[in-house]
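Participant: My numbering applies: residue 22 is where the sequence shown begins, and numbers increase by one. Below you'll find the structure I mean.
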Amino acid sequence: MPDTSSPKALSADEREWLATRARLTDERFELGVQAAELYPGLLKVEGTPLLSRSEWLPEKPLPLDAVKLMSVPDAPPLPRLPLDTPTVVPHGYSSYVDALLALTPARLENRSTYRLRAADLRRPAAWMSFSRGRYSDGLDTGEAAAHEYASGRSAVLREAIGDPCDPARRPTNIAISTLTIREDRSTGEATFILHWRDPAKVGHAGGLFQVAPAGIFQASGEADWNDMNDFSLWRCMTQEFAEELLGRPEEYGSELAPIDYASWPFAVAMNAAVTSGAASAYCLGLGVDPLTFATDLLTVVVFDGLVFDELFGTLVDENAEGLLLRGDDGNVGIAFTRENVERYARRERMQAAGAALLALAWRHRESLLAR
């Protein structure tokens, strides 16, 4: 790796790469809106830039536990992609992630992931199948394609990938993006959680608003026992709730032993909330960001207000990836109203998945809320 200890050590390639990266960070929202126009034949979720397929969008909210997960370790290989073009990888670096770690403040843990191979979220038998991948795979393809687009000079990688909604064309890690709604069942008033992603802390979607929690679907550690123990949408979401809303560190000690969800007090309380009906979890669909190809499972969890306050009484203002937004009353949480949904889904610098999820949740609000 080249010496980057001082600005003077940077090569012309590195300076150009950094200039493009700066444009990608500063104009990420605008570039995403423009990139959606490259795919006129693909479905756009609720009029947002998020791309999808008809089989990825259930007609009405799907109970999260109705989505069957399947592991396909012998999945066919993916096509070879041009990941090392000069536009994407400056001279002297082995990959986009290699340059990202050396030339920017971004930090990442290149853990194994559950890589999406196929999905159908329509009733009556919704399912998703996964093989295994690495976190860096998504950056070396999707974030690299976004960098390529921001450069304005090349589309070699993007054209090689083709349909971004085809998991057979590229390594497809997914994030589970969750709209968290607190509902006061005595008044019917509801609020939702929003997150601002700090570009100094994240490698993807920095500077944009997003629902919270949101996190990559992956095992909690590299030990083999985690692979199936964590192969659960709800368990992954439980970890993200603890980390993003309560500030819990990502270290679970699962390199020494698998997470015991039956004895982890927070997981027990979350499960009890769902079992009692005080919380309800739904899947609203799956979609792809047109700029970065980030692929998000769109989920909603609606909490009874009293139970939410018990679970998240120590809600943080800031976490490892950014800030939680406060509403007009100074409390964390935004009123779930048509005006606010339109504002964040249509006008603010919102990640495409978050915008689509907000719009979908508003359309399905009568099914999601108790009153």
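Think of the CB as a built atom: it goes at the ideal place given N, C-alpha and C, for glycine as much as any other residue.
Along the chain, which unbroken stretches of the beta strand (DSSP E) at least 3 residues long are found entirely within the region 225-290?
Facilitator: 230-232 and 235-237
Participant: Between which two residues does the beta strand (DSSP E) holding T212 run?
Facilitator: Within the sequence shown, numbered from 1, the residue matching residue 212 stands at position 191. Counting along the chain, the beta strand (DSSP E) containing T212 begins and ends at A211 to F213.
Participant: Once DSSP output is grouped into helix, strand and coil, what is the label at E2?
Facilitator: This structure cannot settle anything about residue 2, because the visible part of the chain is limited to 22 through 392.
Participant: Hey, could you find the ends of the beta strand (DSSP E) Q316 is sitting in?
Facilitator: Counting from 1 along the sequence shown, the entry for residue 316 is found at position 295. Before going further, note that residue 316 is Thr rather than Gln in the sequence given. Here the beta strand (DSSP E) through T316 covers T316 to D325.
Participant: Kindly confirm or deny that the region 119-127 and the region 177-187 touch, where touching means at least three C-beta pairs closer than 8 Å.
Facilitator: Because the criterion of three Cβ pairs below 8 Å is not met, the region 119-127 and the region 177-187 do not touch.
Participant: Mark A278 as exposed unless 16 or more other C-beta atoms lie within 10 angstroms of its C-beta, in which case mark it buried.
Facilitator: Position 257 of the sequence shown holds residue 278. It is exposed - the Cβ of A278 has fewer than 16 other Cβ atoms within 10 Å.
Participant: Ends of the beta strand (DSSP E) at L344?
Facilitator: For the purposes of this step, residue 344 is identified with residue 323 of the sequence shown, where counting begins at 1. G343 to L345 is the extent of the beta strand (DSSP E) around L344.
Participant: Measuring alpha carbon to alpha carbon, tell me which residue in W217, E342, Y282 and L381 is nearest M249.
Facilitator: Position 228 of the sequence shown holds residue 249. For M249, the nearest C-alpha among the options comes from Y282.
Participant: So what does DSSP say about F50, is it helix, strand or coil?
Facilitator: Here residue 50 refers to the residue found at position 29 when the sequence shown is read from its first residue. Helix at F50.
Participant: To the nearest angstrom, how far is it from the Cα of D330 to the Cα of E342?
Facilitator: Counting from one through the sequence shown, the residue named residue 330 turns up at place 309. Counting from one through the sequence shown, the residue named residue 342 turns up at place 321. In this structure, the CA atom of D330 is about 23 Å from the CA atom of E342.
Participant: Over the uninterrupted alpha helix (DSSP H) stretch that includes W148, give me the two end residues.
Facilitator: Looking up residue 148 in the sequence shown gives position 127. It is not in any alpha helix (DSSP H) - W148 instead sits in the beta strand (DSSP E) that spans W148 to R155.
Participant: State the start and end residues of the unbroken beta strand (DSSP E) segment that holds E164.
Facilitator: Here residue 164 is taken as the residue at index 143 of the sequence shown, counted from 1. Note, E164: premise wrong, no beta strand (DSSP E); not H, not E.
Participant: Can you tell me whether R136 is helix, strand or coil according to DSSP?
Facilitator: Your numbering for residue 136 matches position 115 in the sequence shown. R136 falls in the strand class under three-state DSSP.
Participant: Indicate whether W38 and A120 have their beta-carbon atoms separated by less than 9 Å.
Facilitator: Translated into the one-based positions of the sequence shown, residue 38 becomes position 17. Translated into the one-based positions of the sequence shown, residue 120 becomes position 99. In this structure, A120 lies closer than 9 Å to W38 by Cβ.
Participant: How many angstroms separate the CA atom of A380 from the CA atom of P79?
Facilitator: As a working mapping, residue 380 is identified with position 359 in the sequence shown. As a working mapping, residue 79 is identified with position 58 in the sequence shown. Cα-Cα distance, rounded: 14 Å.
Participant: Taking 8 Å as the cut-off, does the region 84-97 touch the region 137-157 (at least 3 CB pairs, one atom from each stretch)?
Facilitator: yes
Participant: Would a C-beta distance cut-off of 9 Å place F238 and N292 closer than the cut-off?
Facilitator: Mapped onto the sequence shown, residue 238 falls at position 217. Mapped onto the sequence shown, residue 292 falls at position 271. Cβ distance not < 9 Å, so F238 and N292 don't count as in contact.
Participant: Measuring CB to CB, does L332 end up less than 9 Å from A302?
Facilitator: For the purposes of this step, residue 332 is taken as the residue at position 311 of the sequence shown. For the purposes of this step, residue 302 is taken as the residue at position 281 of the sequence shown. Their beta carbons are not under 9 Å apart, which means L332 does not touch A302 by this criterion.
Participant: Under DSSP, the alpha helix (DSSP H) around A380 begins and ends at which residues?
Facilitator: One-based indexing of the sequence shown puts residue 380 at position 359. Run containing A380: A373 to R384, per the alpha helix (DSSP H) assignment.
Participant: For S198, which beta-bridge partners are listed by DSSP?
Facilitator: Residue numbering aside, residue 198 sits at position 177 when the sequence shown is read from its first letter. A235 and L319.
Participant: Around the C-beta of L85, are 16 or more other C-beta atoms found within 10 angstroms, so that it is buried, or is it exposed?
Facilitator: Here the question's residue 85 lines up with position 64 in the sequence shown. The residue is buried, with at least 16 neighbouring Cβ atoms inside 10 Å.
Participant: With L309 as the anchor, note down where its beta strand (DSSP E) starts and where it stops.
Facilitator: As a first step, residue 309 must be located in the sequence shown, where it is residue number 288. Position check: residue 309 holds Val in this sequence, whereas Leu was assumed. Taken as a continuous stretch (DSSP letters only), the beta strand (DSSP E) holding V309 covers A300 to V309.
Participant: Is the number of C-beta pairs between the region 108-118 and the region 53-67 that are closer than 8 Å three or more?
Facilitator: Taking a cut-off of 8 Å on C-beta distances, the region 108-118 does not touch the region 53-67, as fewer than three cross pairs fall below it.
Participant: So who's on the other strand from W217, going by DSSP bridges?
Facilitator: In the sequence shown, the residue the question calls residue 217 occupies position 196. Paired residue(s): F230 and L344.
Participant: Expressed to the nearest angstrom, what Euclidean distance is found between the alpha-carbon atoms of D34 and R190?
Facilitator: By one-based count along the sequence shown, residue 34 stands at place 13. By one-based count along the sequence shown, residue 190 stands at place 169. Answer to the nearest angstrom: the Cα atoms are 29 Å apart.
Participant: Which same chain residues end up closer than 6 Å to W383 when comparing Cβ atoms and leaving out the 5 residues on each side of it in sequence?
Facilitator: Stepping through the sequence shown from its first residue, residue 383 is reached at position 362. Only V362 meet the Cβ criterion.
Participant: Using three-state DSSP, classify D203 as helix, strand or coil.
Facilitator: Within the sequence shown, the letter at position 182 stands for residue 203. Here residue 203 turns out to be Arg, not Asp, going by the sequence shown. DSSP places R203 in strand when its eight states are reduced to three.
Participant: If you draw a straight line from the C-alpha of R155 to the C-alpha of L45, how long is it?
Facilitator: As a working note, residue 155 is residue 134 in the sequence shown. As a working note, residue 45 is residue 24 in the sequence shown. If I take the Cα positions, the gap works out to 23 Å.
Participant: Less than 6 Å between C-beta atoms, sequence neighbours within five positions excluded: which residues of the same chain meet that for A366?
Facilitator: Against the sequence shown, residue 366 aligns to sequence position 345. A376, L379 and A380, listed in sequence order.
Participant: Starting from the C-beta of S157, find all residues in its chain whose C-beta is less than 8 Å away, skip the five residues before and the five after it, and write them out in chain order.
Facilitator: Numbered from 1 along the sequence shown, position 136 holds the residue referred to as residue 157. Excluding sequence neighbours, S157 sits near S116, V118, L129 and N131.
Participant: On the three-state DSSP scale, how would you describe V109?
Facilitator: The residue labelled residue 109 in the question sits at position 88 within the sequence shown. DSSP places V109 in coil when its eight states are reduced to three.
Participant: Flag H168 as yes if its beta-carbon sits less than 9 Å from any beta-carbon of chain D, otherwise no.
Facilitator: Reference to chain D is not applicable here, since this structure consists of a single protein chain.
Participant: Give me the Cα-Cα distance between P234 and N340, rounded to the nearest whole angstrom.
Facilitator: Counting from 1 along the sequence shown, the entry for residue 234 is found at position 213. Counting from 1 along the sequence shown, the entry for residue 340 is found at position 319. Near 11 Å, if we compare the C-alpha coordinates of N340 and P234.
Participant: On a Cα-Cα basis, can you pick out the residue from L327, F314 and I280 that is closest to T208?
Facilitator: As a first step, residue 208 must be located in the sequence shown, where it is residue number 187. Selected option, being the one with the closest Cα: L327.
Participant: Please identify the residue among R359, R36, S241 and L215 whose C-alpha is closest to the C-alpha of V109.
Facilitator: Along the sequence shown, read from residue 1 onward, the residue named residue 109 stands at position 88. Here the closest residue by C-alpha is R36.
Participant: Mapping DSSP to helix, strand and coil, what is D95?
Facilitator: For this step, residue 95 is matched to residue 74 along the sequence shown. The answer is coil: DSSP assigns D95 none of H, G, I, E or B.
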